[in-house]
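With mature numbering (1 follows the signal peptide of the UniProt record, and there is no 0) applied, the sequence shown corresponds to residues -22 to -1, 1 to 224, in that order.
What follows is a set of notes on a single structure, which appears directly below.
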Amino acid sequence: MKPLIAILALAVLALGPVSLQAAGPAVPLDRVNVDVTNQASLQRGAQLFFNYCVGCHSAQYMRYSRVGDDLGLTENQLIQSMIFTTDEEGELVAPGSLITNAMTAAYGEEAFGIATPDLTLVARVRGQDWLYSFLRSFYLDESRPLGVNNAVFENVGMPHPLWELQGWQEKHVDREGNVRLQVVEAGMLSGPEYDRAIRDLVTFLSYLAEPMQAERQRIGMYVMLFLLVFLGFAYLLKKEYWKDVH
């Protein structure tokens, strides 16, 4: 039985990279360097998320109050800028509620052909570079039901949520197969401004996926400092124990 399990495990590992490669992007991913300790960037990213994303996507493993505390918002600021979901009685949900929305899985499948995914952990599942490239790679495609496609995720079942900011792009492929996206109808933001906005949004999504990462990094620095100091004392102790031997 154990050899059979080992063989099956090796087979899964062997097939894993093939599956990942098949699901890879059609264009190279752009690098993005996010800083989850930048509170201003997190606040701008949160504003984009709650204005453009939360209508279809939830973040059901995070609470509004936690986001407000980490982003340095008062309760009034939190309610006014982030809480738009209502309960069964039509009242805004409490700040301590999980970040959900009114879109059901059945409605998502009817509207987009697939239930809209939760975005709490999307930065860990997809990666920051993938999200940054994906949100900048929508283009017009009349063959798609919603009129748009994505160069990073072909045949994606969602509209371009940020078209008002970016505008509309067209896809061009040269003889070598290189993909180039060109803005044909300008949006509210210039190219660099839109790139910065997407960086802020990816920063917030990265924070959602691991709210403790900034604190973990801070604690990690103290741990490394402690280990270095302990290493010095351990070396001196070793010399003391072995001085008669040498």
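Using N, Cα and C, we set each Cβ at its ideal position, and we do this for glycine too.
Asked: Whose CA, out of 110, 58, 34, lies closest to the CA of residue 96?; Found: 34
Asked: List the residues that DSSP assigns as beta-bridge partners of residue 163.; Found: 146
Asked: State the DSSP-derived secondary structure class of residue 190, mapped to helix, strand or coil.; Found: coil
Asked: Does the beta-carbon distance from residue 165 to residue 145 come in below 8 Å?; Found: yes
Asked: Quick one, which of 90, 53, 86, 87 has its alpha-carbon nearest residue 74's?; Found: 53
Asked: Would you be able to state if there are at least three C-beta pairs under 8 Å between the stretch 38 to 51 and the stretch 196 to 205?; Found: no
Asked: Residue 109 lies in the alpha helix (DSSP H); which residues open and close that run?; Found: 106 to 112
Asked: Go ahead and pull the three-state DSSP assignment for residue 80.; Found: coil
Asked: In three-state DSSP terms, what is residue 128?; Found: strand
Asked: Which partner residues does residue 117 have in the DSSP bridge list?; Found: 127
Asked: Tell me which residue opens and which closes the beta strand (DSSP E) that residue 41 is part of.; Found: 37 to 41
Asked: Quick check on the DSSP output: what are the complete beta strand (DSSP E) runs of length 3 or more inside the stretch 58 to 102, in order along the chain?; Found: none
Asked: Could you check the C-alpha separation between residue 191 and residue 153 for me, to the nearest Å?; Found: 44 Å
Asked: Closest to residue 226 by C-alpha separation, out of 130, 113, 31, would be which residue?; Found: Nothing can be reported for residue 226: it is not among the residues displayed for the chain, which extend from -22 to 224.
Asked: Can you have a look at residue 219 and say buried or exposed, based on whether 16 or more other CB atoms are within 10 angstroms of its CB?; Found: exposed
Asked: Counting pairs of Cβ atoms below 8 Å between the stretch 165 to 179 and the stretch 202 to 214, do you hit three or more?; Found: no
Asked: May I ask you to list the residues that DSSP assigns as paired with residue 158?; Found: 150
Asked: Residue 112: which of 140, 121, 85 sits nearest, CA to CA?; Found: 140
Asked: Can you tell which of 99, 103, 108, 138 has the C-alpha that lies nearest to the C-alpha of residue 116?; Found: 138
Asked: If you reduce the DSSP assignment to three classes, tell me which class residue 177 lands in.; Found: helix
Asked: Applying the 10 Å Cβ sphere with the 16-neighbour rule, what's the burial state of residue 185?; Found: buried
Asked: Judging by CA-CA distance, which residue of 99, 92, 147 is the nearest neighbour of residue 119?; Found: 147
Asked: Could you tell me how far apart the beta carbons of residue 99 and residue 187 are, in whole angstroms, since I believe they sit closer than 8 Å?; Found: 5 Å
Asked: To the nearest angstrom, how far is the alpha carbon of residue 7 from that of residue 160?; Found: 17 Å
Asked: Is the separation between the beta-carbon of residue 257 and that of residue 135 shorter than 8 Å?; Found: As shown, the chain starts at -22 and ends at 224. That puts residue 257 outside it, with no answer to give.
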